[in-house]
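Asker: FYI, the numbering for the sequence shown is 1 to 278, going by my numbering.
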Amino acid sequence: MDVYTLRAVIEAGLVGALGALVGVHVVLRRLSFFTMAMTHATFPGVVLAAILGVNIFVGGWVFGVFVAVGVAALARGRGQDFATATGVVLSAGFALGVVLVSAQEGFSKDLSAYLVGSILTLRTSDVVITAVVLAVVAAVLAVIGKELVFGAFDPTGLRAAGYPSFALDLAVLLLVELAIVTAVPSVGTILSVALIVAPAAAARLWVERIGPMTAVAVVIGAGCGVLGVLVSQHVRVATGGAITLGTTAAFVLSVALAPAVKRARGRRVRRDAVAAAG
1 MDVYTLRAVI EAGLVGALGA LVGVHVVLRR LSFFTMAMTH ATFPGVVLAA ILGVNIFVGG
61 WVFGVFVAVG VAALARGRGQ DFATATGVVL SAGFALGVVL VSAQEGFSKD LSAYLVGSIL
121 TLRTSDVVIT AVVLAVVAAV LAVIGKELVF GAFDPTGLRA AGYPSFALDL AVLLLVELAI
181 VTAVPSVGTI LSVALIVAPA AAARLWVERI GPMTAVAVVI GAGCGVLGVL VSQHVRVATG
241 GAITLGTTAA FVLSVALAPA VKRARGRRVR RDAVAAAG
């Protein structure tokens, strides 16, 4: 295994684990549409960064923060809901990017790496950044994870208990944005949604408690990331696509197998209980 593949394997495992950690809260809060929207709404930031000659991923992250704050603020308006606010901001953000591109005569900056990623061309510094982001996200979730879960299941109760619901909601949105931008060099914006949503959605089909669900999601995310890199190198296909197809396959298999496994487990538990009682 050459150094480029080894670096890609490490990066895929890290970004898979990162996506899964954040994805648990995305699934619990039904934020899959928001996650998809954020991958499109950061487009103006990328275009601006490309025009100004700065790092396009930094531009996407900075603009994404403003988008996340805007969605959170609009969703709290009277008579508004989260899906409506997300749809409006998504459309406005992407339209702004289109306007910026059309206003630049002869604009031909190659943004393909932003769209689909290029994990085999990453540098060691990129892997280090992903590891640092993963550690920061894990630390944040360790501190406020219980409150985030409380708010996901009972937002009214969270506010009644005196917790800062707006700050917690905003924290989730910013974590989603951070995960998306960190995954962009590896799998791009188009494919990062599956890396965040699919492992957590698959894990939820197997377990119901949040702790085990998070652990299973991380294993699925990291495992699909590493396996995707190895498969892509073996059969010579796009690495980002292979990783995404792996997470999708994990979700489809979970949909097909998890209910049957749970039923079999339930029958065994009842049989053991009857045997113990007898």
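Backbone N, C-alpha and C fix where the C-beta goes; we use that ideal spot for every residue, glycine too.
1. Taking the alpha-carbon of T214 as reference, which of G16, I10 and L21 has the nearest alpha-carbon?
2. My guess is that V226 and A12 are in contact by the Cβ rule of under 8 Å, so how many angstroms apart are they, rounded?
3. Counting only the same chain and skipping the five closest in sequence on each side, list residues whose C-beta sits under 8 Å from that of S165.
4. Alpha carbons only, please: which of V261, A200, V62 and G87 is nearest the one belonging to L74?
5. In the structure shown, what three-state DSSP assignment does Y114 receive?
6. Would you mind listing the alpha helix (DSSP H) stretches within the stretch 187-265 that are 4+ residues and don't spill past its ends, in chain order?
7. Measuring CB atoms only, is the stretch 34-52 touching the stretch 200-219, in the sense that at least three cross pairs come out at less than 8 Å?
8. Taking buried to mean at least 16 other C-beta atoms within 10 Å of its own C-beta, is R265 buried or exposed?
9. Three Cβ pairs or more, each shorter than 8 Å: is that satisfied between the stretch 43-57 and the stretch 229-249?
10. Cα-Cα, which of V207, L205 and L174 is closest to F282?
11. Within this structure, are the beta carbons of T239 and A202 separated by less than 9 Å?
12. In terms of residue numbering, what span does the alpha helix (DSSP H) encompassing A20 cover?
13. Go through its chain and collect everything with a Cβ distance to L230's Cβ below 6 Å, but skip five positions before and after it.
14. How many Å lie between F66 and R271 at the Cα?
15. According to DSSP, is D126 part of a helix, a strand, or is it coil?
16. Would you report the Cα separation of F279 and V24, rounded to the nearest angstrom?
17. Determine the direct distance from the alpha carbon of N55 to that of C224, and round the result to whole angstroms.
18. For P199, count the other beta carbons within 10 Å of its own beta carbon; 16 or more makes it buried, fewer makes it exposed. Which is it?
19. On a CA-only basis, which of A8, S186, I196 and V3 is nearest G117? Give me that one, please.
20. By alpha-carbon positions, which one of A260, A179, R267 and A8 ends up nearest to R123?
21. Can you give the Cα-Cα distance for V184 and S192, rounded to whole angstroms?
22. Look at the alpha carbon of V197 and the alpha carbon of G59, and state the distance between them as a whole number of angstroms.
23. Please report the distance separating the alpha-carbon of L31 from that of D2.
24. Out of G70, V132 and I51, state which residue places its alpha-carbon closest to the alpha-carbon of A103.
25. When the Cα atoms are used, what is the spatial distance from L168 to L148?
26. Can you give the Cα-Cα distance for Y4 and V181, rounded to whole angstroms?
27. Exposed or buried, what is T130 when buried is set at 16 or more other beta-carbons lying within 10 Å of its beta-carbon?
28. What first and last residue would you give for the alpha helix (DSSP H) that runs through T42?
Answerer: So, from the data block:
1. Position 214 of the sequence shown, counted from the start, is the residue given in the question as residue 214. Closest by alpha carbon: L21.
2. Here residue 226 corresponds to residue number 226 of the sequence shown, with the count starting at 1. Here residue 12 corresponds to residue number 12 of the sequence shown, with the count starting at 1. With a contact defined as Cβ atoms closer than 8 Å, V226 and A12 qualify at about 5 Å.
3. Indexing the sequence shown from 1 puts residue 165 at position 165. If we look at S165 and ignore the five residues flanking it on each side, its Cβ neighbours are G151, P155, L158 and R159.
4. Counted from its first residue, the sequence shown places residue 74 at position 74. By alpha-carbon distance to L74, the top candidate from V261, A200, V62 and G87 is G87.
5. Within the sequence shown, numbered from 1, the residue matching residue 114 stands at position 114. Reduced to three states, the DSSP call for Y114 is helix.
6. The stretch 187-265 contains these whole alpha helix (DSSP H) runs: 210-235.
7. Counting Cβ pairs under 8 Å, fewer than three are found: no touch.
8. The residue given as residue 265 occupies position 265 in the sequence shown. Burial check for R265: the Cβ neighbour count within 10 Å stays below 16, so the residue is exposed.
9. Contact between the stretch 43-57 and the stretch 229-249 is absent, because fewer than three Cβ pairs lie under 8 Å.
10. Missing from the structure shown is residue 282; the chain here goes from 1 to 278 and no further.
11. Counting from one through the sequence shown, the residue named residue 239 turns up at place 239. Counting from one through the sequence shown, the residue named residue 202 turns up at place 202. Taking 9 Å as the Cβ cut-off, T239 and A202 do not qualify as a contacting pair.
12. Here residue 20 is taken as the residue at index 20 of the sequence shown, counted from 1. It spans V3 to L28 - the alpha helix (DSSP H) in which A20 sits, taken as one unbroken run.
13. Translated into the one-based positions of the sequence shown, residue 230 becomes position 230. Counting only Cβ-Cβ distances below 6 Å, and skipping sequence neighbours, we find nothing.
14. Position 66 of the sequence shown, counted from the start, is the residue given in the question as residue 66. Position 271 of the sequence shown, counted from the start, is the residue given in the question as residue 271. Between F66 and R271, the C-alpha separation is close to 55 Å.
15. What you label residue 126 is simply residue 126 of the sequence shown in a count that begins at 1. Looking at D126 - three-state DSSP - the assignment turns out to be helix.
16. Lying before the first or after the last residue shown, residue 279 is absent from the chain, which here runs from 1 to 278.
17. For this step, residue 224 is matched to residue 224 along the sequence shown. For this step, residue 55 is matched to residue 55 along the sequence shown. Computed Cα separation, rounded: 28 Å.
18. Taking the sequence shown and counting its residues from 1, the one referred to as residue 199 is at position 199. Around the beta carbon of P199, 16 or more other beta carbons lie within 10 angstroms, which makes this residue buried.
19. Taking the sequence shown and counting its residues from 1, one reaches residue 117 at position 117. Of the candidates A8, S186, I196 and V3, the one whose C-alpha sits nearest the C-alpha of G117 is S186.
20. For the purposes of this step, residue 123 is taken as the residue at position 123 of the sequence shown. Nearest of A260, A179, R267 and A8 to R123, Cα basis: A8.
21. The count along the sequence shown starts at 1 and reaches residue 184 at position 184. The count along the sequence shown starts at 1 and reaches residue 192 at position 192. So the two alpha carbons sit approximately 7 Å from each other.
22. Taking the first residue of the sequence shown as position 1, residue 197 is located at position 197. Taking the first residue of the sequence shown as position 1, residue 59 is located at position 59. So the two alpha carbons sit approximately 24 Å from each other.
23. Counting from 1 along the sequence shown, the entry for residue 31 is found at position 31. Counting from 1 along the sequence shown, the entry for residue 2 is found at position 2. Rounded to whole angstroms, the gap between the alpha carbons of L31 and D2 is 38 Å.
24. Numbered from 1 along the sequence shown, position 103 holds the residue referred to as residue 103. Residue I51 is the option with its Cα nearest to A103.
25. Sequence index remark: in the sequence shown, residue 168 carries index 168 (1-based). Sequence index remark: in the sequence shown, residue 148 carries index 148 (1-based). One Cα belongs to L168, the other to L148, and the distance between them is close to 7 Å.
26. Mapped onto the sequence shown, residue 4 falls at position 4. Mapped onto the sequence shown, residue 181 falls at position 181. Cα to Cα, Y4 sits roughly 21 Å from V181.
27. In the sequence shown, residue 130 corresponds to position 130, counting from 1. Looking at its Cβ environment, which holds 16 or more other Cβ atoms inside 10 Å, T130 is buried.
28. As a first step, residue 42 must be located in the sequence shown, where it is residue number 42. If you look at T42, you'll find it isn't in any alpha helix (DSSP H); DSSP assigns it neither H nor E.
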